[in-house]
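These notes concern the structure reproduced below.
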Amino acid sequence: AQTVTQSQPEMSVQEAETVTLSCTYDTSESDYYLFWYKQPPSRQMILVIRQEAYKQQNATENRFSVNFQKAAKSFSLKISDSQLGDAAMYFCAYRNYGGSQGNLIFGKGTKLSVKP
Amino acid sequence: DGGITQSPKYLFRKEGQNVTLSCEQNLNHDAMYWYRQDPGQGLRLIYYSQIVNDFQKGDIAEGYSVSREKKESFPLTVTSAQKNPTAFYLCASSIGGRAGHEQYFGPGTRLTVT
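Following this line, the structure appears as structure tokens:
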């Protein structure tokens, strides 16, 4: 079974600085998707960024980028120029490309605080 | 505005009672999902439906039931058989059931059973 591990329960960053959140996963599949979701205090989950495993190029979305290392099964999220609104829980998630209808498997999350 | 609504935001029930959580979407999405979130945990899939009148069990379906009679609606019933029903419940939908389709989430319902 696939698993997702986020080893940092909490992280803190100064406003305007850069922070990296870690995620590792375990799978025997070769085709899959990886996601980072943000859950602010409102608790509504918001997709931040998505990576397809067959693409070597790291995904980027404005201030958010990933470092995808397929062989190491690592998928870290880098937030540049951190803003107060970035404070939230961040969840890493995995989904098989096909197979069992592609359940999303989540890590336990990292709570990010942004200091003014 | 298109989106997903869940009601109510907070729900309280006595132990032994069944309770139904509402989830409605006006995004014209085919697929819908129910997740459970416990403190310090990620989300876990309860049930999902890729099309009307069809649904599949997720990882933690025991003690829950669903129906999908309309495309827009995917209610979740928490039965008295669910041993630890107190949790935060999130509904999501996606345009289809493919792995790459983004799942859009509702605001969630906090269920407390005493």
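Note that the protein sequences, when read in sequence, are chains A and B. Counting along the first sequence from 1, when you hit position 24 you're at 1467 in this note's numbering, and nothing is skipped either side. Counting along the second sequence from 1, when you hit position 18 you're at 416 in this note's numbering, and nothing is skipped either side. Backbone N, C-alpha and C define an ideal beta-carbon position, used for all residues, glycine too.
Under the three-state DSSP convention, the category L1547(A) falls into: Position 104 of the first sequence holds residue 1547(A). Shown here, L1547(A) sits in a strand according to DSSP, grouped into three states.
Enclosing beta strand (DSSP E) for L425(B) [first to last residue]: Along the second sequence, read from residue 1 onward, the residue named residue 425(B) stands at position 27. Premise fails: L425(B) is in no beta strand (DSSP E) and is neither H nor E.
Bounding residues of the beta strand (DSSP E) (the contiguous stretch that carries I1492(A)): Numbered from 1 along the first sequence, position 49 holds the residue referred to as residue 1492(A). Its beta strand (DSSP E) spans residues 1489-1495.
Contacting positions in the stretch 1486-1517 of chain A - beta carbon closer than 8 Å to chain B: Taking a C-beta cut-off of 8 Å against chain B, the contacting residues of the stretch 1486-1517 of chain A are R1486, Q1487, M1488, I1489, L1490, R1493, E1495, listed in chain order.
Cα-Cα separation between E467(B) and N424(B), rounded to whole angstroms: Position 69 of the second sequence, counted from the start, is the residue given in the question as residue 467(B). Position 26 of the second sequence, counted from the start, is the residue given in the question as residue 424(B). Taken atom to atom, the span from the alpha-carbon of E467(B) to that of N424(B) is near 15 Å.
The stretch 458-477 of chain B touching the stretch 407-427 of chain B, judged by at least three CB pairs closer than 8 Å: The answer is yes - the stretch 407-427 of chain B touches the stretch 458-477 of chain B, with three or more Cβ pairs under 8 Å.
Chain A contact for G461(B) (CB, 8 Å cutoff): Counting from one through the second sequence, the residue named residue 461(B) turns up at place 63. Closer than 8 Å: no.
Per-residue DSSP class, three states only, for D452(B): Here residue 452(B) corresponds to residue number 54 of the second sequence, with the count starting at 1. Correct three-state label for D452(B): strand.
Burial state of F1511(A), where buried means 16 or more other Cβ atoms lie within 10 Å: Residue 1511(A) sits at position 68 when you count from the first residue of the first sequence. Looking at its Cβ environment, which holds 16 or more other Cβ atoms inside 10 Å, F1511(A) is buried.
When V1557(A), K1558(A), I1548(A) are compared against Q439(B), the one with the closest alpha-carbon: Within the second sequence, residue 439(B) is the residue found at index 41, counting from 1. Of V1557(A), K1558(A), I1548(A), the residue nearest in Cα terms is I1548(A).
Start and end residues, beta strand (DSSP E) containing L1527(A): Start at 1 with the first residue of the first sequence, and residue 1527(A) comes out as number 84. Neither: L1527(A) is in no beta strand (DSSP E) and is coded neither H nor E.
Reference D452(B); option with closest CA among E500(B), T403(B), Y431(B): Mapped onto the second sequence, residue 452(B) falls at position 54. The candidate whose alpha carbon is nearest that of D452(B) is Y431(B).
The stretch 1457-1467 of chain A contacting the stretch 1521-1536 of chain A, beta-carbon criterion three pairs below 8 Å: Using a C-beta cut-off of 8 Å, the stretch 1457-1467 of chain A makes contact with the stretch 1521-1536 of chain A, since at least three inter-stretch Cβ pairs fall below that distance.
Option in M1454(A), S1485(A), S1473(A) with minimal Cα separation from F486(B): Taking the first residue of the second sequence as 1, we reach residue 486(B) at position 88. Closest option to F486(B), Cα to Cα, is S1485(A).
Buried versus exposed call for G1561(A) [16 or more other C-beta atoms within 10 Å across all chains shown]: A question about residue 1561(A) goes unanswered here, because the residues of chain A that appear run from 1444 up to 1559.
Amino acids of chain B, ordered along the chain, whose beta-carbon sits closer than 8 Å to that of Y1476(A): For the purposes of this step, residue 1476(A) is taken as the residue at position 33 of the first sequence. Residues of chain B with a Cβ closer than 8 Å to the Cβ of Y1476(A) are, in chain order, A497, G498.
Own chain partners of E413(B) with C-beta closer than 7 Å, once the 5 adjacent residues on each side are dropped: Position 15 of the second sequence, counting from 1, holds the residue named residue 413(B). Hits under 7 Å: V511, T512.
Beta-carbon spacing of F1518(A), C1466(A) below 8 Å: Along the first sequence, read from residue 1 onward, the residue named residue 1518(A) stands at position 75. Along the first sequence, read from residue 1 onward, the residue named residue 1466(A) stands at position 23. Going by C-beta atoms, F1518(A) is nearer than 8 Å to C1466(A).
Status (buried if at least 16 other CB within 10 Å, exposed otherwise) for D1529(A): Taking the first residue of the first sequence as 1, we reach residue 1529(A) at position 86. It counts as buried.
Alpha-carbon to alpha-carbon, G504(B) and Q404(B): For the purposes of this step, residue 404(B) is taken as residue 6 along the second sequence, with counting starting at 1. For the purposes of this step, residue 504(B) is taken as residue 106 along the second sequence, with counting starting at 1. The straight-line gap from Cα to Cα measures roughly 6 Å.
Under the three-state DSSP convention, the category K1554(A) falls into: Here residue 1554(A) refers to the residue found at position 111 when the first sequence is read from its first residue. Shown here, K1554(A) sits in a strand according to DSSP, grouped into three states.
Span of the beta strand (DSSP E) around Q501(B): The residue given as residue 501(B) occupies position 103 in the second sequence. Counting along the chain, Q501(B) sits inside no beta strand (DSSP E), nor does DSSP assign it H or E at all.
Cβ neighbour criterion (16 or more within 10 Å) applied to Q415(B): Stepping through the second sequence from its first residue, residue 415(B) is reached at position 17. Around the Cβ of Q415(B), a 10 Å sphere holds fewer than 16 other Cβ atoms; the residue is exposed.
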